[in-house]
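Novice: Please find one structure pasted underneath; my questions will follow.
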Amino acid sequence: MNPKKVDKAAIAVLYVLAALIVLILASLLAFILIRGIPQFSWEFFTQPAKTFEEGGGIIIQLFNSFYMLLITLLISTPVALGAAIYLSEYAPQNALTDFIRTAIEVLSSLPSIVVGLFGYLIFVIQWGFGFSILSGSLALMIFNLPLLTRTIEDALRAIPGAQREAGLALGLSRWETVTRIVLPAAMPGILTGVILSAGRIFGEAAALIYTAGQSAPALDFTNWNPRSISSPLNIMRPAETLAVHIWKVNSEGIMPDGAEISAGASAILILAVLLFNLLARYLGRKLQQKLTSA
Amino acid sequence: MEQIKDTQPTRSTKRNQERFGKTISLIATLLIVLVVLSILFFVLSRGLRTFTQHDVSVLDFFAGTEWRPGETDDAGNALVGALPMIVGSFVVTLLSALLATPVSIGAAVFMTEVSPKAGKKILQPAIELLVGIPSVVYGFIGLTVVVPFVRQLVGGTGFGMLAGTLVLFVMILPTTTSMAVDALNAVPRHYREASFAMGGTRWQTIYRVVLRAAMPGLLTAIVFGMARAFGEALAVQMVIGNAPVLPDSFTTPASTLTSILTMNMGNTVFGTLENDVLWSLASILLVMSLVFNIVTRWIGKKGAIKG
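Quick mapping for you: the protein sequence lines, in order, are chains A and B.
Heads up, the first sequence is in our numbering, so the first residue is 1 and it goes up one at a time.
Heads up, the second sequence is in our numbering, so the first residue is 1001 and it goes up one at a time.
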């Protein structure tokens, strides 16, 4: 075969591979949405789950997912922000900084089940938090920190050095330069990073089965006293999330309409991830426009 | 000199601010480092208890094929052979990476070299979205589509390494593809132009120049995919059947390190051998994730693109 024919054949194979990937991905999405969306109903969104009979909903798991997401973001964003500021603005080029970067890289590559087991060992057992939203959020924080730190650091580094020099030339301290000039300018990037990490947190299950627990006790949505055990706001109660629910329903297999419930819940997870993705892009762009008044 | 020194305040508000900012950002950073070190310390120290507190021989653990924690053989040795799980984890990881490698590199080459337009418009957004799909969703699809498919194809229950491999293959596909795209994009344009100028065809340019220049990045993508596959817990646990035995075939129930951990951690009493041996499995996961990390770094160091 001459090179021209080989070229034609090889390019054809590449087309097939690309088509294959599109086919796999598209059928995946189509399957989840076509199976899942018909399950959406008023009952599905407003009823608590039923274990042994059909017709249960997912209201508690849905609430738990969002509540845990909120708390995780509240505790992980400040830490990630601080670390990102240190790494992009203060860290000298030395062995300690190398070590810190290696540690963060190691953390980001740890399997989430290992993070979950560590959370079980420390938060649930040693610190006595039990299976609770608090334990779950702390585990999710560990799971979330490396990636969030990296995206925030990238956002800070993307701000031109001239901005910092201008601040320093005006007699501001480095800290003031960071908080008053660099941070606001990097805000679109930071926000995008936080929202994208929200998508990851929302779908995580392996880190939660032994920290937030696998049960969803009944909640009284009229009771807003955070210390009451039936209150949705209580952070010391066990809280099965939507992702954990999908796993639990399928691996136990005692719920008669388990397949339908999981299909519906999977569709919600996918739509949530899609929503977070679009939101991140939209807000990032909007904020950029506002800041640069372009 | 003395006079000038007197006029300089030793601690200005600016300097205090500076010190405050540097301190709290350093504390946040050290907190992350502390978390990493304590994960390593606590998981490994519990994992080692199997050998130090319960006197299980290292050989019995790594090479034993009988996994019945809580029971002992005639000689009184605990039956905690982890070989079935270790083999299971490695087999599904390697096979899924083997499947994912040609597809993702092919698709990545298509996106960067053949049709960047279609790549940017269709493939890129689809892949970005799919990277974010939660792993339980992959597990659920595996359970409702892949397992019945395997059952029809070869009979049996459908649970096993084949189903696990297929689920992991689809799961790591978006990750490896998007990293492969980054690796190919990092190859400088003039490499390609030089090849075309010498009369190379598109395929010759891709195969002889671009792929070779991007090799370290492509390898990193594959290793990354393998690390993800090795550490994945729930999606695999849902389709592999969770029988802690060395399987006769790819379509009989098997298990992985993560699947046994997921199943049993809640059913054992803290401090017993049954529990500590699970931490030993977790330690293997931890060490392997460090190994994947080291391999990635080594590849990066060896093959950084020059010029």
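Even glycine gets a Cβ: it sits at the ideal position worked out from N, Cα and C.
The model shown is predicted, which means the values in this text are computed figures rather than measured ones.
Counting only beta-carbon atoms, is Ile1122/B nearer than 8 Å to chain A?
Specialist: Taking Cβ atoms only, chain A reaches closer than 8 Å to Ile1122/B, which makes this a yes.
Novice: Check whether the Cβ atoms of Tyr210/A and Gly116/A sit closer than 8 Å, and answer yes or no.
Specialist: Yes, these two residues count as a Cβ contact at 8 Å.
Novice: With a 10 Å radius around its C-beta and 16 neighbouring C-beta atoms as the bar for buried, classify Ser1045/B as buried or exposed.
Specialist: Exposed.
Novice: Strictly below 8 Å CB to CB, what residues from chain A border Thr1262/B?
Specialist: Ordered by position in chain A, the residues that pass the 8 Å Cβ test against Thr1262/B are Ile113, Ala206, Ile209.
Novice: Check the Cβ of Met1238/B against every Cβ in chain A and list those closer than 8 Å, keeping chain order.
Specialist: Going along chain A in sequence order, the residues near Met1238/B (Cβ under 8 Å) are Trp247, Asn250, Ser251.
Novice: Since Ile11/A and Val1114/B should fall inside the 8 Å C-beta cutoff, what is the C-beta to C-beta distance between them, to a whole number of angstroms?
Specialist: Confirmed, about 6 Å.
Novice: Here's the rule: buried if 16 or more other CB atoms are within 10 angstroms of the residue's CB, otherwise exposed. What is Glu153/A?
Specialist: Classification for Glu153/A: buried.
Novice: Does the beta-carbon of Trp224/A have 16 or more other beta-carbons within 10 angstroms, so that it is buried, or is it exposed?
Specialist: Exposed.
Novice: Evaluate Asn1293/B with the Cβ neighbour count: other Cβ atoms within 10 Å of its Cβ, from every protein chain shown; 16 or more gives buried, anything less gives exposed.
Specialist: Buried: at least 16 other Cβ atoms inside 10 Å.
Novice: Would DSSP call Gly57/A helix, strand or coil?
Specialist: Of the three classes helix, strand and coil, the one that applies to Gly57/A here is coil, per DSSP.
Novice: Please check the pair Thr192/A and Gly284/A, which I expect to be a contact at CB under 8 Å, by giving their CB distance rounded to whole angstroms.
Specialist: That pair is a contact at about 4 Å.
Novice: I need the boundaries of the beta strand (DSSP E) containing Thr1296/B, first residue and last residue.
Specialist: Unbroken run through Thr1296/B is the alpha helix (DSSP H), 1273-1302; no beta strand (DSSP E).
Novice: Using a Cβ-Cβ cut-off of 8 Å, state whether Thr1014/B counts as contacting chain A.
Specialist: Rather than Thr, the amino acid found at residue 1014/B in this sequence is Lys. Yes - at least one Cβ of chain A is within 8 Å of the one on Lys1014/B.
Novice: Would you report the Cα separation of Ala1082/B and Leu1246/B, rounded to the nearest angstrom?
Specialist: Using only the alpha carbons, I get a separation of about 10 Å.
Novice: Any beta carbon of chain B sitting closer than 8 Å to that of Leu62/A?
Specialist: With 8 Å as the cut-off, Leu62/A does not count as an interface residue toward chain B.
Novice: Cα-Cα, which of Ala1078/B, Glu1071/B, Leu1037/B is closest to Ser1057/B?
Specialist: Of the listed residues, the one whose Cα sits closest to Ser1057/B is Ala1078/B.
Novice: Just the chain A side, please: which residues come within less than 8 Å of Ile1039/B by C-beta, in chain order?
Specialist: What Ile1039/B touches in chain A: Leu107, Leu110, Val114, Val115, Phe118, Ile142.
Novice: Say whether the region 1149-1158 of chain B touches the region 1175-1188 of chain B, bearing in mind that this needs 3 or more beta-carbon pairs closer than 8 Å, one atom from each stretch.
Specialist: Cβ pair count under 8 Å is below three, so no.
Novice: For chain A, is any of its Cβ atoms less than 8 Å away from the one on Ser1195/B?
Specialist: So, not an interface residue.
Novice: Measuring alpha carbon to alpha carbon, tell me which residue in Gln288/A, Lys5/A, Val79/A is nearest Ala346/A.
Specialist: This structure leaves residue 346/A out entirely; chain A is present only between 1 and 294.
Novice: Measure the CB-CB distance between Ser1135/B and Leu1285/B and report whether it falls below 8 Å.
Specialist: Contact flag unset, no.
Novice: Quick check on the burial criterion: 16 or more other C-beta atoms within 10 angstroms. Buried or exposed for Pro3/A?
Specialist: Pro3/A should be labelled exposed.
Novice: If the cut is a Cβ gap below 9 Å, which residues of chain B does Val13/A touch?
Specialist: The contacting residues are Gly1106.
Novice: Going by DSSP in three states, Val1080/B sits in which element: helix, strand or coil?
Specialist: Val1080/B: strand per DSSP, three-state reduction.
Novice: Tell me the rounded alpha-carbon separation between Ser76/A and Ala1028/B.
Specialist: If you take the alpha carbons of Ser76/A and Ala1028/B, they lie about 10 Å apart.
Novice: In terms of residues, what are the limits of the alpha helix (DSSP H) holding Pro188/A?
Specialist: Note, Pro188/A: alpha helix (DSSP H), 183-203.
Novice: Mind listing, in chain order, the continuous alpha helix (DSSP H) runs of no fewer than 4 residues lying wholly within the region 8-86 of chain A?
Specialist: Those alpha helix (DSSP H) runs which fall completely within the region 8-86 of chain A and span 4+ residues are 42-46, 59-85.
Novice: Report yes if the CB atom of Val244/A is closer than 8 Å to the CB atom of Ala205/A, and no otherwise.
Specialist: Taking 8 Å as the Cβ cut-off, Val244/A and Ala205/A qualify as a contacting pair.
Novice: Kindly indicate which three-state DSSP category Arg1068/B falls into: helix, strand or coil?
Specialist: Note: Arg1068/B maps to strand in three-state DSSP.
Novice: For Leu291/A, count neighbouring Cβ atoms within 10 angstroms of its own Cβ and tell me buried if that reaches 16, exposed if not.
Specialist: It counts as exposed.
Novice: Could you name the residues of chain A that Glu1018/B contacts, counting a contact when the two beta carbons are closer than 8 Å?
Specialist: Within chain A, the residues near Glu1018/B are Ser173, Arg174, Trp175.
Novice: Count the other CB atoms within 10 Å of the CB of Arg237/A; is the residue buried (16 or more) or exposed (fewer)?
Specialist: Arg237/A should be labelled buried.
Novice: Of all the CB atoms in chain A, is at least one closer than 8 Å to the CB of Phe1140/B?
Specialist: Yes, its Cβ sits closer than 8 Å to a Cβ of chain A.
Novice: Does Met1198/B come within less than 8 Å of chain C when only Cβ atoms are used?
Specialist: This model lacks chain C altogether, as its protein chains are A and B.
Novice: Give every residue of the same chain whose Cβ lies closer than 8 Å to the Cβ of Val1092/B, excluding the five residues on either side of it in the sequence, and list them in chain order.
Specialist: Here the set comprises Met1161, Gly1164, Thr1165, Leu1168, Ala1229, Val1236, Ile1240, Thr1256.
Novice: Would you list, in chain order, the members of the region 1019-1033 of chain B that have their beta-carbon closer than 9 Å to a beta-carbon of chain A?
Specialist: From the region 1019-1033 of chain B, only Arg1019, Phe1020, Gly1021, Lys1022, Ile1024, Ser1025, Leu1026, Ile1027, Ala1028, Thr1029, Leu1030, Leu1031, Ile1032, Val1033 have a Cβ closer than 9 Å to chain A.
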